Amino acid sequence: MPWNEPGKNDQDPWGGKRDSNPPDLDKIISNFIKKLRNGFFKPGKTTGNWQAPAQKDYGVIAGFVLAGILVLWFLSGIFIVNPAEETVVLRFGKYNDTLQPGLHWIARFIDTKYTVDVRKVFSFSLSGDFLTKSSEQGDLPNQYIQVDANKKSTSPDQSKNLVNVELNIQYRVADPRAYLFNIVNPDETMKQVSSGALSDVIGKMKLDDVLTTGREVLSAGVLDRSKQILSTYQSGLEVVAVTLRKVQAPDQVREAFNDVNRADQDRSTTIQQAQAYASKVVPLAEGQAARISADANGYRQQVVLNAKANVARYQALLKAYESSPEVTRERLYLDAMQNILKSTSKILIDSNSGNNLIYLPLDKLMKQIEDDDASNSSTNTPTPISGLVSNDNSSSTEEVKNDTN
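For reference, each letter of the sequence shown is one residue, going 9 to 413 in our numbering.
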């Protein structure tokens, strides 16, 4: 008969007798407690009372207890350092090591750990009235005491200027060991260092520069000076950024300094316009000067070459004159007359009937024609030229006697 066939079958598949009722949980727990109690005490043989175990059982129990304590102690020393943190470990109160991010283990009750966030950026605002250098002091800060050599007495400079400054300073932990053990109050230390750096930097600047063009110089100077002081103190802090929020003059003179700022802006605008005009005019002037210089050089070369040509022509004429003076003299006379008559408007006419020469006043004729054209006359009748040519009895003729030879 199969084991799972219906009927009176109390056998389970594993050969045991199957119980129809579920297991009792309370009974299981009570049996476990009894077994645990029997591990420490054993019941007596006659009376049934509990009695202490044998000596060899104490060693086993103590071993198990000690092993459990060691396991718990070892597990309690395991810890994880986050990526943005560093952990400083002290052994018996003395610095031992700085642990980087990752899984680490320390001996409990021997080593002590301090975890510091090295990527967190802290910030605070610094504001107040600070003294600047006066315009008459030169390069010395105005808080320095001036000594009069004649009177041999010291007197502080009275020409001090106040300016209201507001800064935002951001810093972080750069060295966890120095941050934990070299300074007592990091925030207060950072505020005092920043205030001293600001006073030092702004004390070497003039008030006009602080309010106008020296804002970036002021921020950079405070940043550099703060880093130097913190490095000297070995504080473990590092200044990340210095932002200048507000710089203004005291209320009594604020309007006057606003006028100064506007005047400075107008000056910058005028300078830019002048530079633009200069960049436009100067190249033109330079080009004009270069052209004049080139023309002068060309004229100089032309004059020199003409002079050389005249000298060469004179030397050639001199040789010809030395060989035949009469012919050369006649030729020079004819050339001179040709050049003279070339530029005149008078025409000489040789008359065959006598020894008189008649000339036509063409200059007057041409001038009269131009006057007639300018008057826009309505008549198209040409101007008569009768009477313009006269004989030897006319007043407009000029008699020239020729040699009969």
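Glycine is no exception: its CB is placed at the ideal position from the N, C-alpha and C atoms.
Bear in mind that the values here come from a model prediction, so they are computed numbers and not experimental data.
- DSSP places I177 within a strand segment (E or B) once states are collapsed to three.
- Between M213 and T140, the CB-CB gap stays under 8 Å.
- D183 carries a coil assignment under DSSP once its states are collapsed to helix, strand and coil.
- Collapsing the DSSP output to three states places S133 in a strand.
- Contact check between the segment 108-119 and the segment 182-197: fewer than three CB pairs, one atom from each, fall below 8 Å, which does not count as touching.
- Boundaries of the beta strand (DSSP E) harbouring K102: K102 to L107, taken from the DSSP string.
- G229 carries a helical assignment under DSSP once its states are collapsed to helix, strand and coil.
- Spanning the alpha carbons of V181 and Q242 requires a straight line of approximately 12 Å.
- In terms of Cα proximity to P258, the closest of A75, L170, K350 and A228 is L170.
- A check of alpha carbon separations from S133 across R233, K327, K35 and S203 identifies S203 as the nearest.
- Here D267 is not bridged, per DSSP, to any residue.
- Relative to the Cα of R253, the nearest Cα in the group E224, Q323, G101 and E94 belongs to E224.
- T251 sits away from N172, with the two beta carbons spaced by 8 Å or more.
- Here the C-alpha atom of Y341 lies approximately 11 Å from the C-alpha atom of E334.
- Taking C-beta atoms as the reference points, V96 and Y122 count as a pair closer than 8 Å.
- The three-state reading of DSSP puts I86 in strand, counting E and B together.
- Remark: C-beta atoms of Q296 and A249 do not approach each other more closely than 8 Å.
- Secondary structure at F72: helix, using DSSP grouped into helix, strand and coil.
- Rounded to whole angstroms, L80 and D119 show a C-alpha spacing of 16 Å.
- DSSP places V209 within a helical segment (H, G or I) once states are collapsed to three.
- Residues of the same chain with a CB within less than 7 Å of the CB of E93, apart from the 5 flanking positions on each side, are P109, T123, V124, D125 and V126 in chain order.
- By the criterion of a C-beta distance shorter than 8 Å, F100 is surrounded in its chain by I118, once the five residues flanking it on both sides are discounted.
- With a 10 Å radius around the Cβ and a threshold of 16 neighbouring Cβ atoms, R262 comes out exposed.
- Excluding residues up to 5 positions away in sequence, nothing lies with its Cβ nearer than 8 Å to the Cβ of I348 in the same chain.
- In the assembly as shown, P184 is a buried residue. Its beta-carbon has 16 or more other beta-carbons within 10 Å.
- In the structure shown, N172 falls within a strand segment according to DSSP collapsed to helix, strand and coil.
- When V218, G211 and A344 are compared, the shortest CA-CA separation from R233 is found for G211.
- Within the same chain, I88 come within 6 Å of L111 by CB-CB distance, once the 5 residues on both sides are set aside.
- Secondary structure note for K254: its beta strand (DSSP E) is the uninterrupted segment L245 to Q256.
- Note on geometry: alpha-carbon atoms of V268 and R275 lie some 10 Å from one another.
- Judged by DSSP in its simplified three-state form, F189 adopts helix.
- A Cβ-Cβ contact shorter than 8 Å links T336 with A328.
- For R99, the uninterrupted beta strand (DSSP E) run begins and ends at E93 to R99, by DSSP.
- Pairing L78 with G67, the inter-Cα distance amounts to about 16 Å.
- By the Cβ-count criterion, V311 is exposed, with fewer than 16 other Cβ atoms from all chains shown falling within 10 Å of its own Cβ.
- Just so you know, the alpha carbons of A317 and L373 end up roughly 40 Å apart.
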